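Colleague:
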Amino acid sequence: MKVYPTEAIRNVVLVGHGSVGKTSLAEAALYESGAITRLGSIQDQNTVTDYDEDEHRRKFSLNLALAPLEWEGRKINIIDTPGYADFVSEVICGAHAADLAVVVVDAVSGPEVGTDRAWSIAEKLGLPRLIVINRMDRENANFANVLAALQERWGHRVMPLQLPIGAHEAFTGVVDLLHMKAYVGEQADEVDVPDELREEAERLRAQLIEGIVETDEELMTKYFADEELSEDELRRVLHGGLDHNLIFPIVCASATKLIGVRQLLHTIAFSGPSPADRDPIDAGGIKVTADPSAPPVALVFKTAADPFVGRLSYLRVFSGRVTTDSHLWNANRQADERLGTLYIQRGKEQIPVTELVAGDIGVVAKLAHTGTGDTLGSRERPVTLPPMQFPAPVFSMAVRPVGKGAVDKLGPSLQRMVEEDPGLRLDRDPGTGELILSGLGDAHLEVTVERLKRKFNVEVELALPRVPYRETITRKASAEYTHKKQTGGHGQYGRVLLEVEPLPRGSGIRFGERVVGGAVPKEFIPAVEKGVLETAAGGIIAGYELTDCQVTLVDGKHHPVDSNEMSFKLAASQALKEAVQGAGPILLEPIMLIRVYVPDEFAGDIVGDLNTKRARIHGINPDGGMSVIEAEVPLAEVQRYASDLRSLTQGRGVFELTFDHYGEVPANIAQRVISEHKKALEEAHAH
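Read in order, the letters of the sequence shown correspond to residues 7 to 693 in our numbering.
1. Which word fits Q421, buried or exposed, when buried means at least 16 other C-beta atoms lie within 10 angstroms of its C-beta?
2. Does the contact criterion of 3 or more C-beta pairs under 8 Å hold for the stretch 654-663 versus the stretch 117-129?
3. Just the Cα atoms here: how many angstroms apart are S384 and V328?
4. I'd like the span of the beta strand (DSSP E) that includes D342, first residue to last.
5. Can you check which of these residues, I515, V400, A124, P298, is closest to R601 by C-alpha distance?
6. Could you tell me the alpha carbon to alpha carbon distance between Q395 and S325, rounded to whole angstroms?
7. Helix, strand or coil: how does DSSP classify A404 here?
8. What whole-angstrom Cβ distance do A41 and R352 have, given they're in contact under 8 Å?
9. At which residue ranges does the stretch 629-685 contain complete beta strand (DSSP E) runs of 3 or more residues, listed in the order of the chain?
10. At what residues does the beta strand (DSSP E) containing I600 begin and finish?
11. Indicate whether H624 and A642 have their beta-carbon atoms separated by less than 7 Å.
12. Any chance the stretch 231-239 sits against the stretch 123-139, with 3 or more Cβ pairs inside 8 Å?
13. Going by alpha carbons, who is nearest to Y647 out of D433, M403, L539, K461?
14. Just how far apart, CA to CA, sit Y499 and A543?
15. Contact between the stretch 291-306 and the stretch 180-198 is defined here as three or more beta-carbon pairs at a separation below 8 Å; is this criterion met?
16. Let me confirm a value: K528 is counted as buried when at least 16 other C-beta atoms fall within 10 Å, else exposed. Which label applies?
17. Helix or strand or just coil, what does DSSP make of L582?
18. Assess contact between the stretch 139-146 and the stretch 40-59, defined as three or more Cβ pairs (one per stretch) separated by less than 8 Å. Is contact present?
19. Within its chain, find whatever has a CB closer than 6 Å to the CB of P407; leave out the 5 residues flanking it on each side and keep chain order.
20. Quick check: the Cα distance between D366 and L334, rounded to an integer number of angstroms?
21. Taking the C-alpha atoms as reference points, what is the distance between D285 and P279?
22. Can you give the Cα-Cα distance for E425 and T438, rounded to whole angstroms?
23. As an exercise, report each continuous beta strand (DSSP E) stretch of at least 3 residues that is fully enclosed by the stretch 290-345, in chain order.
24. List the DSSP bridge partners of S260.
25. To the nearest angstrom, how far is the alpha carbon of R520 from that of K563?
26. Check for me: the beta strand (DSSP E) holding K490 runs from which residue to which?
27. Does DSSP put Y57 in a helix, in a strand, or in coil?
28. Is E535 near F517, with beta carbons less than 7 Å apart?
29. State the Cα-Cα distance for the pair D122 and G132, rounded to the nearest angstrom.
30. Taking K491 as the reference, which of R501, E234, I531 has the closest Cα?
31. For I292, which residues in the same chain have their Cβ closer than 7 Å to its Cβ, ignoring the five residues on either side in sequence?
32. Beta-carbon separation of L34 and V405 under 7 Å?
33. Tell me the start and end of each unbroken alpha helix (DSSP H) in the stretch 377-465 that is at least 4 residues and wholly inside, in chain order.
34. Span of the alpha helix (DSSP H) holding F230?
35. Do N83 and A261 have their C-beta atoms within less than 7 Å of each other?
36. Taking the straight line between their C-alpha atoms, what separation do you get for A188 and T381?
Right, here's the structure in full:
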C-alpha cells in the first residue's frame, strides 16, 4: 500500500450497539474496495476484523481491529470496535485514533443502549459523527421510525443525506439527497430518483439544504436571496458542518447485500474530515497539528499480545513522520524506544511499510517500555498527549490457579493481560490475601480467563472474592494467661495480664504497656507485642483481622530460669484471645459508596432493589433524563451488582463503587460468617 499524504487519509471508528453489523460493514467496505477478494461473514467465522478464536465462538467482536482500504484516491483506516458493554475500553481506544465516528444503527431496533454509550464517547472526544442505518434488508426495517427516534434523541442536527429505496426484501438502493440521484444494486449504478420517492426526497432535500446553510453565513445569505446554490458549495459546507459537529448526516446500507456501501465510502472520502481538518491538540501548552514536517508525535492507542510476533503497539501518528528503525522518546516513561519494522495492520495480516505520515495508523512490535496511552515523540521536544480515560472496573473475582504448574506463571501472565486491556485491573487484597481480577462485567473476565489459557497456557478458576471483614470489640475487658511447660532441662514459663479497650473506627491496632516493678522484664515486652500483633492479624472470632483496639500489657510474672521470648509470646496470644471474647466482639464489613446512573424510568426500581441490599439512600439527583442515585451499601451485597443492574435496566445503567468506611455487621449475618469460619476450620482439621 502506498504512502498517502495527510489530506488523503480518513480515520474512521465504527461504533454502536452489539449485533448491528459493524463487522459486516467493515468486511463489505474491504470487499467493495478490492482490499479482499472474498466476502467473509460472521456465520462462516472468516471476516477480516473478527479473527480471534473467542470471537468465532461467541459470534461477536471482543477487540478493536484495523481494516485499511483505498477508495477514490483516499486511504480509509477503518477501526472496527465491539458493541458489547463489557468491552467498551476497546471503543475508547479506537475513538482516540479516529477523526470520525461512524455510528451504526439497526434499521429495526433503532438507537439502543450501545448507541448512547458510543455517542457519549464520541461527544466527550469531540469526534464528528456520521450515522449509518444498517440492515435495511431486514424484515420490519423502517427508515422513518429510526430517523424519528434519532432526531428525538439528538435533535435537528441529525439529518438524512440519503433516502432508502424500498425496505427488507425490496431494499435496492439509496437516493443521494444532495445530488438528487439514485444509486441501485451492489455496483451503485446511477439512475433517476424513482417517481414514488420524488416528493419525499424533495421534502428531505429542502430540510438538508436548510440544515447545511444554517452552518455557514455566506451560504445563508445566498439562500435567503434565492440564489442558486451549487452542489460543490453545499458539499464543502456539509464537510465543514460535519467536521465541527454542526451536522450529523444519516446514510443507509445493507452490509450483507452490499447495498449503499460504495456510497458510504464515497461520503467518508469526500465529506469526512482528514487529520488535517481537525483542531490542534493542546499537549501541555504545545499545539500538536497534523503537519508531516513537524517533529514526530504518536499515540499508542492499543497494545496486543501476539503469540507469534510478541507485543504489538498500535500507533496513531498525530504529527511528523515515524520511520522504520528509528528512535522515539516515550515522554510518559522517560525512556528511549527503538522501533523495528512498521506495519499496516489489516485484521491479523501485517503489511510492512517504511514510514507512517501525520494522520496515519500502523503497528510496531516489541517496544520495551511503552504501554497503552503513552506518547512517543522526539527527545528534543518531548510531548505528552492528553491521557486516555477508561471506566473504573465494576466486577471483581478472585483468581485461583488450577494445578501447581500455573502458580508461578499466573502473576506475570495476568500482568500481560492487564497491559493489553486497560479495562482490567489486578490487585492483591491485603485483608484476605486473594488475587483479585477486576473488569467491566462477567463476560469480560470470562474472556480474559479463556485468553490466559490459550495464549499463556495458564488455567485458572474464578470465585467470588471473600469479603474482607474485620473484627473489633465494643467494651473494655482484661484477661490473664499463664503459659507453663515443664520438660527435661529448662521449662517454659510466662504469665501476662492484658487489657483491651475499643478505639474509634480507622484507628487500627495499638499496643502499649504500663508494667511496674519489672513484673515482665523489658527484654520480653517485644515478644508480648509480637504475640499480640500476630494473633490480631489472624483474627479471633472469625479469622479476620482484629482492628480499632488498644491492647495494653498491665502485669505479668516471669521465672529467672524458665522464662524466654517464646513463653511470653504464646502467653500474650492466649491472653488476647480470652480478653477479646470477654469484650463484646463484633464483625465489621466494608461499606461502599455507590453511584448509579440510570434513565429516569428505572430510578424507582433501582432504589427498591438497593433497599433489599441493606443500602442507605443518600439522594436521587436528576441529570438531563438520567437519575443519579447515591447510597451507602455493604460490599457483601453488591459483589454481583454489574449483572443485577444490567437486568434491571436492560443494560442502560452504569455505576461506580468506591470504599467509604467499615461498619458493624448485623448480628444475624455476623453469626452466619462466624459459623462458616468454624465449619472451615473443622474441615481443615479433619483433613
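By construction, the Cβ of each residue, glycine as well, lies at the ideal position given by its N, Cα and C atoms.
On a predicted model such as this, the values are computed, not experimentally measured, just so you know.
Modeller: Put simply:
1. exposed
2. yes
3. When rounded, the separation of the alpha-carbon atoms in S384 and V328 is 10 Å.
4. Membership of D342 in the beta strand (DSSP E) is indicated by the continuous run 341-344.
5. V400
6. 22 Å
7. In the three-state reduction of the DSSP assignment, A404 falls in the strand class.
8. 7 Å
9. 632-640, 660-670
10. 592-605
11. No, the pair does not count as a contact, with Cβ atoms beyond the cut-off.
12. The stretch 231-239 makes no contact with the stretch 123-139: fewer than 3 CB pairs, one atom from each, lie closer than 8 Å.
13. M403
14. 24 Å
15. Result no; under three Cβ-Cβ pairs closer than 8 Å.
16. Taking all protein chains shown into account, K528 has fewer than 16 neighbouring C-beta atoms within 10 Å of its C-beta and is therefore exposed.
17. L582 falls in the helix class under three-state DSSP.
18. no
19. V413, L416, V466
20. Rounded to whole angstroms, D366 to L334 spans 17 Å at the Cα level.
21. Just so you know, the alpha carbons of D285 and P279 end up roughly 11 Å apart.
22. 25 Å
23. 292-294, 303-312, 316-325, 327-329, 333-336, 341-344
24. I265
25. Taking the straight line joining both Cα atoms gives about 14 Å.
26. For K490, the enclosing beta strand (DSSP E) has its first and last residue at 483-491.
27. coil
28. The answer is yes: Cβ separation under 7 Å.
29. 15 Å
30. R501
31. V389
32. With the sequence shown as reference, residue 34 is identified as Ala, and Leu is not the correct amino acid for it. No, the Cβ-Cβ distance between A34 and V405 is not below 7 Å.
33. 411-426, 448-462
34. 223-230
35. In this structure, A261 does not lie closer than 7 Å to N83 by Cβ.
36. 46 Å
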